[in-house]
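One point on numbering: in UniProt numbering, the residue at position 43 of the sequence shown is 43, and numbering is uninterrupted. All C-beta atoms, glycine included, are put in the ideal place defined by N, C-alpha and C. Okay, structure first, notes after.
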Amino acid sequence: MSLTLYQLDGCPYCEKVADRLDDLGIEYDSVWVEALHSKRDEVKRVSGQRGVPVLVDEDRGITMAESERILEFIETTYAPEAQSA
């Protein structure tokens, strides 16, 4: 599994996503982004926008933003796998 979470230190939306991934025991890489939107070139490159959180699931070819959408994706895609392990 190859998940990458682009997040900003102190961002409550990013923390919600990271906490849920941690709760489920899902491994992921964190990429910490700059506080200034204008400096978030890497996030823009992978997602087309500069907001965080952004989750990249390389195995499924999915890149998504917005914490609620990401949490829904995690619940439908990874929670059943984590609970059966």
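Reference residue i, options the options, closest by Cα
| i | options | result |
| --- | --- | --- |
| Ser2 | Thr77, Pro80 and Glu58 | Glu58 |
| Val33 | Ile26, Gly25 and Lys44 | Lys44 |
| Asp29 | Ala79, Phe73 and Pro53 | Pro53 |
| Thr77 | Pro12, Gly10 and Leu24 | Leu24 |
| Gly61 | Pro12, Phe73 and Glu81 | Phe73 |
Beta carbon of residue i nearer than 9 angstroms to that of residue j
| i | j | result |
| --- | --- | --- |
| Ala35 | Leu5 | no |
| Ser47 | Cys14 | no |
Nearest-angstrom Cα separation, counted from residue j out to residue i
| i | j | result |
| --- | --- | --- |
| Glu75 | Thr63 | 16 angstroms |
| Ile70 | Lys39 | 23 angstroms |
| Ser84 | Leu21 | 15 angstroms |
| Ala79 | Asp41 | 31 angstroms |
CB-CB length for residue i against residue j, believed under 8 angstroms
| i | j | result |
| --- | --- | --- |
| Val31 | Leu55 | The Cβ separation is near 11 angstroms, so there is no contact. |
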